[in-house]
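With the numbering used here as the guide, the letters of the sequence shown map in order to residues 7 to 349.
Virtual Cβ for every residue (Gly too), placed ideally from N, Cα, C.
In what follows, a single structure is set out as structure tokens and then discussed.
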Amino acid sequence: MFKWLTGKPKKESSSVIGTAGTTPLKHPEPSQSKSTSEKKGGLSSLKSALSLTGKSLVGSLRGVFGDSGTALSDEKIDEIEETLLRADVGLDTAVQITDTLRKNKNRIQSPEALMDFMQEEFSQILRPYESANTLKYDPQALNIYIVVGVNGAGKTTFIGKLAHRFIQEGKKVVVGAGDTFRAAAEDQLAIWAERAGAELIRKDGADPSSVIFEAIESGKNSQANVVILDTAGRLQNKYNLMEELQKIRHVIDKAKPEHANVESLLVLDATTGQNALKQAEVFKEIMALSGVILTKLDGSAKGGMILSIAREYQLPVKMVGVGEGIGDLRDFNPNEFIDALFK
Ligand SMILES: Nc1nc2c(ncn2[C@@H]2O[C@H](COP(=O)(O)OP(=O)(O)OP(=O)(O)O)[C@@H](O)[C@H]2O)c(=O)[nH]1
Ligand SMILES: [Mg+2]
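Encoded structure:
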């Protein structure tokens, strides 16, 4: 999916460096439908979003195990590895889990024991990131969130949801339309900003850095609590992307006030599986990331990638998108994730 060019970057920036896989390249207006949380109530939507993953993973693992009292053969352990891969647990992580399983196979005599083992393995992988899983917010500072990711991943939608959440909490929010490559992107953010009640800074067709500079200036002048910055996901190649993001980071460092909390958030589309993991690798190489926002978990049976994001890329998942509505954003909590999968 990523077709990196190694040569000199081209000026023209309309082509796509990567897309979020199966997501059609449309730029819709924010969904007017009620959010999943409004329909189903509270935290249950993380659980319902993950129910596809949980059902398929737990169902398949039980199926592979067969009857209680039988021992786990090497063939069965291979099948378990395949089951993990199908749930989008990356290869290295799946191999690590099944290697441990092989060493412990004598004490695992029932499907229940296998589930307990899996839960323990999953929580060991996610535990080191537990404290990093919350989105950092400093009430004494200007909180600046820069949102990056390939096109279609869900950046603009996430920004709308995050702005809404902060505004619901009584915070003052500025959003900066740093994706200046196409007017529709700015229009889309404008609709979200209006719905959320955030101030919008846009300068159609201008250099993204100048928009970002102005958004931070505006945040400082109006004593806002939060500035959220949208960026383009469709740069020509890795070199362009790196140049652009470095420029943006430089501007943020110059413009930010003395007391600032700056977080770089990578948005990944859960439905794109291994392709999203590849994107994590590339963006991590390009810039320091604070964590991942995993979107479209509502439409995916592939929540297993959360494990690989943590273990292979040492990135905490901070929040998850569970629908297209403005309220469809959840904090990510490792224990809740494991509960949703196995209970
Ligand atoms: N089901 C579902 N759809 C989502 C979620 N988040 C975003 N989407 C949809 O994904 C599509 C792309 O979202 P955008 O927010 O435009 O993605 P983007 O990363 O800003 O894309 P570019 O501006 O092209 O770089 C839209 O149709 C959104 O409604 C989610 O959590 N669940
Ligand atoms: Mg966008």
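Alpha-carbon spacing of Arg68 relative to Ile103, whole angstroms: Here residue 68 corresponds to residue number 62 of the sequence shown, with the count starting at 1. Here residue 103 corresponds to residue number 97 of the sequence shown, with the count starting at 1. Going by C-alpha positions, Arg68 is about 16 angstroms away from Ile103.
Which residues DSSP lists as bridging Asp337, in chain order: Translated into positions along the sequence shown, residue 337 becomes position 331. According to DSSP, Asp337 bridges with Met325.
Assigned exposure category for Gly327 - 16 Cβ within 10 Å defines buried: The sequence position of residue 327 within the sequence shown is 321, counting from 1. The residue is buried, with at least 16 neighbouring Cβ atoms inside 10 Å.
DSSP state of Thr301 mapped onto helix, strand, coil: Counted from its first residue, the sequence shown places residue 301 at position 295. It is a strand residue.
Coarse secondary structure for Val95, derived from DSSP in three states: If you number the sequence shown from 1, residue 95 lands on position 89. Here Val95 sits in coil by DSSP.
Start-to-end residues for the beta strand (DSSP E) that takes in Leu235: Indexing the sequence shown from 1 puts residue 235 at position 229. In the DSSP annotation of this structure, the continuous segment of the beta strand (DSSP E) that includes Leu235 starts and ends at Val232 to Asp236.
Span separating the alpha-carbon of Ile131 from that of Phe123: Residue 131 sits at position 125 when you count from the first residue of the sequence shown. Residue 123 sits at position 117 when you count from the first residue of the sequence shown. Straight-line measurement puts the Cα of Phe123 at about 13 angstroms from the Cα of Ile131.
Separation of Leu97 from Leu91, as counted between CA atoms: As a first step, residue 91 is located in the sequence shown; it is residue number 85 there, counting from the start. As a first step, residue 97 is located in the sequence shown; it is residue number 91 there, counting from the start. So the two alpha carbons sit approximately 7 angstroms from each other.
Limits of the unbroken beta strand (DSSP E) element including Val273: Position 267 of the sequence shown, counted from the start, is the residue given in the question as residue 273. Boundaries of the beta strand (DSSP E) harbouring Val273: Ala266 to Asp275, taken from the DSSP string.
Integer Cβ distance of Ala202 from Ile173, believed to fall under 8 angstroms: Working through the sequence shown from its first residue, we reach residue 202 at position 196. Working through the sequence shown from its first residue, we reach residue 173 at position 167. Indeed, because the Cβ distance is near 6 angstroms, the residues count as touching under 8 angstroms.
Gly155 to Ser137 span [Cα, whole Å]: By 1-based counting over the sequence shown, the position of residue 155 is 149. By 1-based counting over the sequence shown, the position of residue 137 is 131. When rounded, the distance between both Cα atoms is 23 angstroms.
CA nearest to the CA of Met325, picked from Thr99, Glu250, Gly225 and Glu342: Locating residue 325 in the sequence shown gives position 319, where the first residue counts as 1. Nearest option by C-alpha distance: Glu342.
Identity of the residues DSSP links to Ile150 by a beta bridge: Sequence index remark: in the sequence shown, residue 150 carries index 144 (1-based). BP columns for Ile150 point to Val233 and Val268.
Contact the stretch 314-324 vs the stretch 289-303: 3+ CB pairs below 8 angstroms: Yes: at least three Cβ pairs fall under 8 angstroms.
Gly155 in three-state terms, based on DSSP: Position 149 of the sequence shown, counted from the start, is the residue given in the question as residue 155. Coil at Gly155, not helix or strand.
Segments of 4+ residues assigned as alpha helix (DSSP H) that fall wholly inside the stretch 159-233: Counting only unbroken stretches of 4 or more residues, the alpha helix (DSSP H) elements lying wholly within the stretch 159-233 are 161-174, 189-202 and 214-227, in sequence order.
Short Cβ contact (8 angstroms threshold) for Lys209 with Val217: For the purposes of this step, residue 209 is taken as residue 203 along the sequence shown, with counting starting at 1. For the purposes of this step, residue 217 is taken as residue 211 along the sequence shown, with counting starting at 1. A contact, by the Cβ cut-off of 8 angstroms.
Cβ-heavy atom distance, Ala191 to ligand 2, below 7 angstroms: Within the sequence shown, the letter at position 185 stands for residue 191. At least one heavy atom of ligand 2 falls within 7 angstroms of the beta-carbon of Ala191.
Asp337 CB to nearest heavy atom of ligand 1 below 7 angstroms: The residue given as residue 337 occupies position 331 in the sequence shown. No, since every heavy atom of ligand 1 falls outside the 7 angstroms radius drawn around the Cβ of Asp337.
heavy atom of ligand 1 below 7 angstroms from Gln329 C-beta: The sequence position of residue 329 within the sequence shown is 323, counting from 1. The sequence given here places Gly at residue 329; Gln does not occur at that position. Yes, since a heavy atom of ligand 1 falls inside the 7 angstroms radius drawn around the Cβ of Gly329.
Segment contact, 8 angstroms Cβ cut-off, at least three pairs: the stretch 111-126 with the stretch 192-207: No, the stretch 111-126 is not in contact with the stretch 192-207.
Whole-angstrom distance between Gln252 and Asp236, CA atom to CA atom: By 1-based counting over the sequence shown, the position of residue 236 is 230. By 1-based counting over the sequence shown, the position of residue 252 is 246. The alpha-carbon atoms of Asp236 and Gln252 are separated by roughly 15 angstroms.
Among Glu264, Val257, Ile315 and Arg255, nearest to Val273 - alpha-carbon criterion: Position 267 of the sequence shown, counting from 1, holds the residue named residue 273. For the residues Glu264, Val257, Ile315 and Arg255, the minimum Cα distance to Val273 belongs to Ile315.
C-alpha gap between Pro263 and Ala199, whole angstroms: The sequence position of residue 263 within the sequence shown is 257, counting from 1. The sequence position of residue 199 within the sequence shown is 193, counting from 1. Their Cα atoms are separated by approximately 23 angstroms.
Check: Thr162 C-beta below 7 angstroms from any heavy atom of ligand 1: Taking the sequence shown and counting its residues from 1, one reaches residue 162 at position 156. Yes - ligand 1 has a heavy atom lying nearer than 7 angstroms to the Cβ of Thr162.
Helix, strand or coil at Glu291 according to DSSP, with G and I counted as helix: Translated into positions along the sequence shown, residue 291 becomes position 285. The three-state reading of DSSP puts Glu291 in helix, counting H, G and I together.
Candidates Lys244, Ala238 and Leu63, of which the one nearest Val153 by Cα: Numbered from 1 along the sequence shown, position 147 holds the residue referred to as residue 153. For the residues Lys244, Ala238 and Leu63, the minimum Cα distance to Val153 belongs to Ala238.
Three-way DSSP call (helix, strand, coil) for Asp73 in this model: For the purposes of this step, residue 73 is taken as the residue at position 67 of the sequence shown. Three-state DSSP puts Asp73 in coil, outside helix and strand.
Same chain only: Cβ atoms within 7 angstroms of Gly166, ignoring 5 sequence neighbours per side: Within the sequence shown, numbered from 1, the residue matching residue 166 stands at position 160. Apart from the 5 residues on each side of it in sequence, Gly166 sits with its Cβ closer than 7 angstroms to the Cβ of Pro36, Trp198, Arg201, Ala202 and Ile332 in its chain, given in chain order.
Check whether Val268 and Ile234 have beta carbons under 8 angstroms apart: Residue 268 sits at position 262 when you count from the first residue of the sequence shown. Residue 234 sits at position 228 when you count from the first residue of the sequence shown. Going by C-beta atoms, Val268 is not nearer than 8 angstroms to Ile234.
Tyr319 (DSSP reduced to helix, strand or coil): As a first step, residue 319 must be located in the sequence shown, where it is residue number 313. Of the three classes helix, strand and coil, the one that applies to Tyr319 here is helix, per DSSP.
Environment of His33 [buried if 16+ CB atoms lie within 10 Å]: As a working note, residue 33 is residue 27 in the sequence shown. Residue placement at His33 is poorly supported in this model, since its pLDDT is 41, which falls under 50; the coordinates still yield a value, given next. Residue environment: His33 is assigned as exposed (fewer than 16 neighbouring CB atoms within 10 Å of its CB, all protein chains considered).
Gln194 beta carbon near ligand 2 (any heavy atom closer than 7 angstroms): As a working note, residue 194 is residue 188 in the sequence shown. Checking every heavy atom of ligand 2 against the Cβ of Gln194, one is found closer than 7 angstroms.
Start-to-end residues for the alpha helix (DSSP H) that takes in Ser129: Within the sequence shown, residue 129 is the residue found at index 123, counting from 1. Note, Ser129: alpha helix (DSSP H), Pro117 to Leu132.
Host alpha helix (DSSP H) of Tyr245 (start-end): The sequence position of residue 245 within the sequence shown is 239, counting from 1. Counted as a single uninterrupted DSSP element, the alpha helix (DSSP H) harbouring Tyr245 occupies residues Lys244 to Ala261.
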